[in-house]
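Taking it in order: structure first as structure tokens, then the write-up.
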Amino acid sequence: MRLKKKVVVITGGSKGLGKALASEFVKEGSVVVISARNRKELWNTARECRAIPFVADITKEQNIMSLAKFVKKRLGRIDVWVNNAGVTIPHSDIDGITSEAAHNVMEVNFFGTFYGLQAVIPIMKKQHHGTIVNIISMSALVGRPRSLMYSSSKWAARGLTEGIRMALKPKRISIIAVHPGGMKTTIFGKHLPQGYDDWMEPDFVAKKIIQNLKRAKPREEIVIHR
Ligand SMILES: NC(=O)c1ccc[n+]([C@@H]2O[C@H](COP(=O)([O-])OP(=O)(O)OC[C@H]3O[C@@H](n4cnc5c(N)ncnc54)[C@H](OP(=O)(O)O)[C@@H]3O)[C@@H](O)[C@H]2O)c1
Numbered sequence: 019m020r021l022k023k024k025v026v027v028i029t030g031g032s033k034g035l036g037k038a039l040a041s042e043f044v045k046e047g048s049v050v051v052i053s054a055r056n057r058k059e060l061w062n063t064a065r066e067c068r069a070i071p072f073v074a075d076i077t078k079e080q081n082i083m084s085l086a087k088f089v090k091k092r093l094g095r096i097d098v099w100v101n102n103a104g105v106t107i108p109h110s111d112i113d114g115i116t117s118e119a120a121h122n123v124m125e126v127n128f129f130g131t132f133y134g135l136q137a138v139i140p141i142m143k144k145q146h147h148g149t150i151v152n153i154i155s156m157s158a159l160v161g162r163p164r165s166l167m168y169s170s171s172k173w174a175a176r177g178l179t180e181g182i183r184m185a186l187k188p189k190r191i192s193i194i195a196v197h198p199g200g201m202k203t204t205i206f207g208k209h210l211p212q213g214y215d216d217w218m219e220p221d222f223v224a225k226k227i228i229q230n231l232k233r234a235k236p237r238e239e240i241v242i243h244r
């Protein structure tokens, strides 16, 4: 796919992988809209990457509908939508997980992806084209005994991705699932997991995602690790 002049939306675009992706898409000549909750951080990243900011909380269905409507109205179409916003919770056994933390990780990682799909698919159906990139995780490919809820939220997002891909095939809308391994981002806060220092830079992962999108026929599932 050619990325020049493509209209690209990235949720969670203010930092980490989302920011790295925004910067790579802009280098390719795409017009990029980034969204996140923290206005100041979002605006700073938008200025730095030459992207358009839109404040939205992915767990609020109406916010995400407004994001999609804003882009459609301002730029006329949405060619690529990246469901990237995500959170994690500190590694622990099952008895160390509060119900609130468990619901929050599902709300952002699974329902956020679901709301994103619900917002963009009607637009892409009307356009008769579009590419959706769901940032999932290698945690959706195996069981993770100390990362139970994060891993479950990503397995759920993967299940949704596979089903929706089959449903949208006749509509010329493609869905790409990306499964990165560990990346050095701020997602872990102060609770850095073991081996963090050896993990991938988000720029490396962003470049691999862009490389795949630029293929004549992008792969539907990509696993990215060191
Ligand atoms: N880092 C890793 O090792 C790793 C590995 C595999 C997969 N992933 C996945 O990669 C994606 C990006 O993660 P990252 O590591 O780049 O994380 P990050 O550096 O913490 O960035 C997360 C982004 O998501 C936004 N976000 C969080 N909650 C949100 C909400 N409720 N509504 C809207 N935006 C929200 C954040 O901005 P605000 O807080 O301002 O909203 C930020 O822009 C996630 O889906 C993550 O699960 C990460």
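If you count the sequence shown from 1, position 31 lands on 49 in my numbering, and the numbers rise without skipping. A virtual CB, placed ideally from N, CA and C, is assigned to each residue, including glycine. All values reported here derive from a predicted model rather than from experimental measurement.
query                                                                                                                   : result
Aspartate 216 versus histidine 146 - alpha carbon distance                                                              : 42 Å
Close-in-space but distant-in-sequence residues of the same chain around alanine 158 (CB under 8 Å, 5 per side omitted) : Ser169, Lys172, Trp173, Ala175, Arg176 and His197
Within the region 27-51, ranges of the alpha helix (DSSP H) (whole runs, at least 4 residues)                           : 34-45
Anticipated Cβ contact below 8 Å, alanine 195 with isoleucine 139, distance rounded                                     : The pair is not a contact, with the Cβ atoms about 16 Å apart (cut-off 8 Å).
Valine 44 vs valine 51 beta-carbon contact at 8 Å                                                                       : no
Whole-angstrom C-beta distance between valine 26 and proline 100, which should lie under 8 Å                            : Residue identity check: residue 100 is valine in the sequence provided, not proline. Indeed, because the Cβ distance is near 7 Å, the residues count as touching under 8 Å.
Among Ile96, Leu85 and Gly130, the one whose alpha carbon lies nearest that of isoleucine 141                           : Ile96
Heavy atom of ligand 1 within 7 Å of threonine 77 beta-carbon                                                           : yes
Length of the line joining the Cα atoms of arginine 68 and glycine 47                                                   : 11 Å
Identity of the residue in His109, Lys23, Glu59 and Ile242 nearest leucine 4 by Cα                                      : In the structure displayed, the chain extends from 19 to 244; residue 4 sits before or after that span and is not available.
Enclosing beta strand (DSSP E) for valine 241 [first to last residue]                                                   : 239-242
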